[in-house]
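What follows is a set of notes on a single structure, which appears directly below.
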Amino acid sequence: MNRTTTGFLLLASLICVSAAYAAPGSLADFQDGTVQDWTNGGGRGVVPLNIASGGPNGQTDRYLEVSSGTINGQTYPPNLLTLNRTTYAGNYTSAGITSISMDLKNFSPLDEGTGMVPVLPIRIVFEQGVGSTPAYISDLFSLPSDNAWHHAVFPISASALHALGTTDPIATVLANIAEVRILANDSEDLHGAFGNYRFGVDNILAAAPIVPGDWNRDGSVTPADIPAMLQGLTDLAAYKTQKGLDNAGLVSVGDFTGDGQVTNSDMQPLLNLFAGGGSIATVPEPATAGLAYLAAVGAVGLIRRGSFRRAS
Ligand SMILES: [Ca+2]
Ligand SMILES: [Ca+2]
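Take 173 as the starting number for the sequence shown in the working numbering and just add one per residue.
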């Protein structure tokens, strides 16, 4: 087995590890056409739908549509929520997940009673049991009815989350998450509000603190960050949206030359890192840099978390 093959297997194993339970970098972008295990618990009618177009990045961006009540003559589950019991379950504490971010858009129909489209009070809930307390719930994110996508970040900390039906410390729940819910409710409640509501959600990201070079946001700098960097450099705006970063966050992740910008010239220092300080003569374009990546992956193994420092 040559080094390139070893690199492929290493990369594949990293991807597989992140698929079973929530890990830093876990992302639901719905681009595979499925609901990516975000459902409504079964037996409650129409499950959330994967919508092919109109996500935060435009025509080719898929997203998840969550509905309740009756909209356009179609009946949905009575209360507004979606839940996940697999890819976003697990031990958030040992995994080092410190926030869940997502893009949200309010698609609710006009409320005939008020003559207005309601603002949706979006919250996230972490449950130790399936469909039950003990649980911890976030503050609300007010999703306006302005026909626009909004980026919401839900920190995972003792100060940002509130106990629901439990006296267990938050650490106990976060270490044993069986179900995660995204719902809309003015009150701190396990259930979504009853009514005719709809929202879109995309780019649900379980994130670790920002680490320079951690392009895939999984909390450490590894060869898997090279393809994430190459993809990100082709469309930085889309990358920021998908990875829950503002401009400062992007610079923290990707600026290796210290000029406060993220450009193709930032590729070489990261490639050098994996090449053990060796040089690749020219900075390749993103389309061809994969070859350099494969060479780099074949040359070295993993870099331990926290061991990398920005050159500047
Ligand atoms: Ca998407
Ligand atoms: Ca990484």
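All C-beta atoms, glycine included, are put in the ideal place defined by N, C-alpha and C.
Is it the case that the Cβ atoms of residue i and residue j are separated by a distance below 8 Å?
i    : j    : result
V352 : V297 : yes
V486 : L276 : Lying outside 173 to 484, the shown extent of the chain, residue 486 is not represented and no answer is given.
A200 : Q208 : yes
L397 : D407 : Strictly speaking, residue 397 in this sequence is Asp, with Leu absent from that position. Taking 8 Å as the Cβ cut-off, D397 and D407 do not qualify as a contacting pair.
A368 : T254 : According to the sequence provided, residue 368 is Asn. The question's Ala does not apply to it. Not closer than 8 Å, so no.
I269 : A378 : yes
R295 : L355 : yes
E360 : L336 : yes
R257 : V218 : no
Mapping DSSP to helix, strand and coil, what is residue i?
i    : result
I328 : coil
S317 : coil
S424 : helix
T265 : helix
S359 : coil
A365 : coil
T460 : Its pLDDT being 41, under 50, T460 is placed unreliably in this model, and the coordinates cannot settle the point.
T413 : helix
V455 : In this prediction, V455 has a pLDDT of 37, which is less than 50 and means its spatial position is unreliable; what the coordinates show is noted afterwards. Residue state, collapsed to three classes: coil.
P306 : strand
Q440 : helix
I342 : helix
D397 : helix
L312 : coil
Q231 : coil
T259 : coil
D283 : strand
Q403 : helix
L419 : The identity of residue 419 in the sequence shown is Asn, whereas the question assumes Leu. Looking at N419 - three-state DSSP - the assignment turns out to be helix.
L408 : helix
L445 : helix
S225 : coil
P220 : coil
L292 : strand
D374 : strand
A194 : coil
R160 : For the chain, the structure presents residues 173 to 484; residue 160 sits outside this window and is missing.
G245 : coil
I354 : strand
Q300 : strand
In this structure, what does DSSP give as the bridge partners for residue i?
i    : result
D201 : BP columns for D201 are empty, so no partner.
M274 : A324
A347 : Paired residues: none, contrary to the question.
T211 : L255
V238 : F371
A335 : Y308
A379 : S271
For my contact list, residue i and residue j are in at a C-beta cut-off of 8 Å; report their separation, rounded to the angstrom.
i    : j    : result
L252 : A365 : 6 Å
S273 : V325 : 4 Å
A400 : N388 : 4 Å
I492 : E299 : What is shown of the chain runs 173 to 484, which leaves residue 492 out entirely.
Would you say residue i faces chain B, with C-beta separation under 8 Å as the test?
i    : result
T232 : Here chain B cannot be found, since the structure has a single protein chain.
Kindly examine ligand 3 and report whether one of its heavy atoms sits closer than 7 Å to the Cβ of residue i.
i    : result
F428 : Among the ligands modelled here, namely ligand 1 and ligand 2, ligand 3 does not occur.
| said: Please enumerate, following chain order, all residues with a beta carbon closer than 5 Å to at least one heavy atom belonging to ligand 2. | reply: D386, N388, D390 and D397
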